[in-house]
Amino acid sequence: MADEVLFLFNHDAPHQVAHIAGIARALYESRTGLTVTCATATPAIRDRVAAILGAEAGRGVTWLDIGLPGWLETALALPNKVAPVRRLMRLRHHAGRINAARVVVSAERTCLSIRDEVAHRAGRGARFAYVPHGSGDRMVSFHPDKGGFDRILVSGAKTARELVARGVAAPEKIRVVGYPKFDTIDLSRRERLFENDNPVFVYNPHFDPLLSSWYDHGPALLDWFLTREGQAFNIIFAPHIMLFKKKLHVSLEYRTARLRPDLAPRWDEAANILIDTGSTRLVDMTYTLSADGYIGDVSSQIYEFLVHPRPLLFLDVFSDDPRSREGRYPAWDAGEVARDAAGLTALIPGAQARQEALRPVQEAIFADTVSYESGHPATQRAAEALVELAGAA
0 MADEVLFLFN HDAPHQVAHI AGIARALYES RTGLTVTCAT ATPAIRDRVA
50 AILGAEAGRG VTWLDIGLPG WLETALALPN KVAPVRRLMR LRHHAGRINA
100 ARVVVSAERT CLSIRDEVAH RAGRGARFAY VPHGSGDRMV SFHPDKGGFD
150 RILVSGAKTA RELVARGVAA PEKIRVVGYP KFDTIDLSRR ERLFENDNPV
200 FVYNPHFDPL LSSWYDHGPA LLDWFLTREG QAFNIIFAPH IMLFKKKLHV
250 SLEYRTARLR PDLAPRWDEA ANILIDTGST RLVDMTYTLS ADGYIGDVSS
300 QIYEFLVHPR PLLFLDVFSD DPRSREGRYP AWDAGEVARD AAGLTALIPG
350 AQARQEALRP VQEAIFADTV SYESGHPATQ RAAEALVELA GAA
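If you count the sequence shown from 1, position 112 lands on 111 in numbering that gives the first Met the number 0, and the numbers rise without skipping.
Structure, rendered in structure tokens:
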């Protein structure tokens, strides 16, 4: 469709939805004459997109189901536990329909695998726009394949600068638009999640088997909150939503695999431990807005926490690993870093007292990562960039 902007929600979990659904709503509300299509992989993803769109936009956009036939879903169930074969197969199964759009918007680079390259080189094919769902700190944020997008809509100057410096994309392909997810969230919201008034920390480990702190140090960290000293604090265990989707995690990037440690029943019985491994609260900022301090490793949710500067504590489990290409994680400069659970828990009691010294660094790193323009929301800025791309000669 020559006038269609198709938003691609091709994932089994909802963590990418808010990064582009708000842009779809803003584009629909701009009344440009472009058809806005939301292509969703599962009913649960569609429900999450619809919640962000709201009633009017939900009725006004076009919905496209990019699910697979039941027999194929079943056949791919086992291999999908190791690699994202369902995502890739959905793209192939619906490649013709996706390529018929004027612009395709995605939060991941896999969509480029089905682009009609012949038509694209001739200037007749769909134009592909990328909205990162991360913070631009890990090496994967600068994968060379991302240079294949016709437009990259980034949250701040940091990512734009690094994409150019690393030779991934030319400056003319990049637009700084801010962080669209923030436009879909009430950033003043704070929920009371425990019956006591003790300080609340959120522990947000990643799923990658090389980079995540959960595999070697997470269980010991949670056990500390069962001790006499630890019971003076509350902990929300809110991992990356993909961590508990699988038992075996395979990192294609680092060619390694590990079995994920399970949850211990003793944690469920503790009044100061809240465990959530799969609800929408993991992706709607409930926990990052409601906690007093953050514990993590490499998750981009650190920037969703820093919308209000507070203490940051990190577990570094990979910087000395010869397999890692990451080096020191940039956000670590805004907090304190330990190498194991014992070292980290020693930092917890005095974290708030040390916060003021770190606050200027937190504010600076956040401003470099997330652009803000008063009266010009990120979703609107992104929609304007898509209108520009749709009209490009």
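C-beta: ideal position from N, C-alpha, C; glycine also.
Legend entry - Reduced DSSP category for residue 249 - H, G, I as helix; E, B as strand; rest coil: Judged by DSSP in its simplified three-state form, residue 249 adopts strand.
Inset, instruction - On a CA-only basis, which of 98, 243 and 185 is nearest residue 260? Give me that one, please. - result: 243
Inset, instruction - Give a yes or no on contact between the region 268–279 and the region 184–204, applying the rule of three or more CB pairs nearer than 8 Å. - result: Taking 8 Å as the limit for Cβ pairs, the verdict is that the region 184–204 does touch the region 268–279.
Inset, instruction - Tell me whether residue 105 sits in a helix, a strand or coil according to DSSP, three-state version. - result: strand
Legend entry - Nearest neighbour of residue 419, chosen from 152, 301 and 228 [CA to CA]: Since the first residue of the chain shown is 0 and the last is 392, residue 419 is not available in this structure.
Legend entry - At least three beta-carbon pairs within less than 8 Å, the region 133–144 to the region 298–309: yes
Inset, instruction - Determine, using beta carbons only, whether residue 35 and residue 27 come nearer to each other than 8 Å. - result: yes
Inset, instruction - Please list the segments of the beta strand (DSSP E) lying wholly inside the region 305–377, counting only runs of 3 or more residues, in order along the chain. - result: 311–314 and 335–337
Inset, instruction - Between the Cα of residue 266 and those of 250, 281, 105 and 220, spot the shortest distance and give me the residue it belongs to. - result: Relative to residue 266, the option among 250, 281, 105 and 220 whose CA is nearest is 220.
Legend entry - Beta-carbon spacing of residue 13, residue 47 below 8 Å: yes
Inset, instruction - Using only the heavy atoms of the ligand MG, determine whether one of them is closer than 7 Å to the beta carbon of residue 185. - result: Among the components of this structure there are no ligands whatsoever, and the ligand MG is therefore not found.
Legend entry - Extent of the continuous beta strand (DSSP E) to which residue 61 belongs: Looking at the DSSP string, the run of the beta strand (DSSP E) that includes residue 61 is 61–64.
Inset, instruction - Compute the Euclidean distance between the alpha carbons of residue 45 and residue 62, then round it to the nearest angstrom. - result: Going from the Cα of residue 45 to the Cα of residue 62 covers about 9 Å.
Inset, instruction - For residue 239, collect the residues of the same chain with a Cβ closer than 6 Å to its Cβ; drop the 5 residues on either side in sequence, then sort them by chain order. - result: 205, 206 and 298
Legend entry - Rounded Cβ spacing between residue 152 and residue 384 (contact assumed at less than 8 Å): 6 Å
Legend entry - Neighbourhood of residue 186 by C-beta, 6 Å cutoff - its chain only, sequence neighbours within 5 removed: 306
Legend entry - Cβ-Cβ distance between residue 24 and residue 51 below 8 Å: Yes, the pair counts as a contact, with Cβ atoms nearer than the cut-off.
Inset, instruction - Can you say whether residue 392 is buried or exposed, counting buried as having 16 or more other CB atoms within 10 angstroms of its CB? - result: Annotation note: pLDDT 43 at residue 392 (below 50); position unreliable, coordinate value reported separately. Exposed.
Legend entry - Assumed close pair residue 85, residue 113 - CB separation to whole angstroms, cut-off 8 Å: Between residue 113 and residue 85 the Cβ distance is about 14 Å, and since that is not below 8 Å, they are no contact.
Inset, instruction - Check whether the region 358–372 touches the region 141–156, counting contact only when three or more Cβ pairs, one atom from each stretch, lie closer than 8 Å. - result: yes
Legend entry - Any beta strand (DSSP E) of 3 or more consecutive residues that is wholly inside the region 52–138: DSSP runs (the beta strand (DSSP E)) wholly in the region 52–138: 61–64, 102–105 and 126–129.
Legend entry - Distance between residue 108 and residue 57 (C-alpha atoms, nearest Å): When only Cα atoms are considered, residue 57 and residue 108 end up about 26 Å apart.
Legend entry - Nearest-angstrom Cα separation, counted from residue 53 out to residue 30: 16 Å
Inset, instruction - Under 6 Å Cβ to Cβ from residue 288, same chain only, skipping five residues before and after it: list those, please. - result: 188 and 189
Inset, instruction - Below 6 Å CB to CB, which residues in the same chain sit around residue 126 once its five sequence neighbours on both sides are set aside? - result: 102, 149 and 388.
Legend entry - CB contact flag (residue 381, residue 97, <8 Å): No, the Cβ-Cβ distance between residue 381 and residue 97 is not below 8 Å.
Legend entry - Start-to-end residues for the alpha helix (DSSP H) that takes in residue 189: Segment: none, residue 189 is in no alpha helix (DSSP H) and carries neither H nor E.
Legend entry - Minimum length 4: unbroken alpha helix (DSSP H) runs contained in the region 214–290: Segments of the alpha helix (DSSP H) lying fully in the region 214–290: 264–267 and 285–289.
Inset, instruction - Express the C-alpha separation of residue 43 and residue 8 in angstroms, rounding to a whole number. - result: The alpha-carbon atoms of residue 8 and residue 43 are separated by roughly 11 Å.
Inset, instruction - Just the C-alpha distance for residue 331 and residue 70, rounded to the nearest angstrom, thanks. - result: Distance between the alpha carbons of residue 331 and residue 70: 46 Å.
Legend entry - Residue burial classification, residue 309 (beta-carbon count within 10 angstroms, cutoff 16): buried
Legend entry - Cut-off 8 Å between Cβ atoms - residues of its own chain near residue 225, not counting five sequence neighbours on either side: 265, 266, 269 and 272
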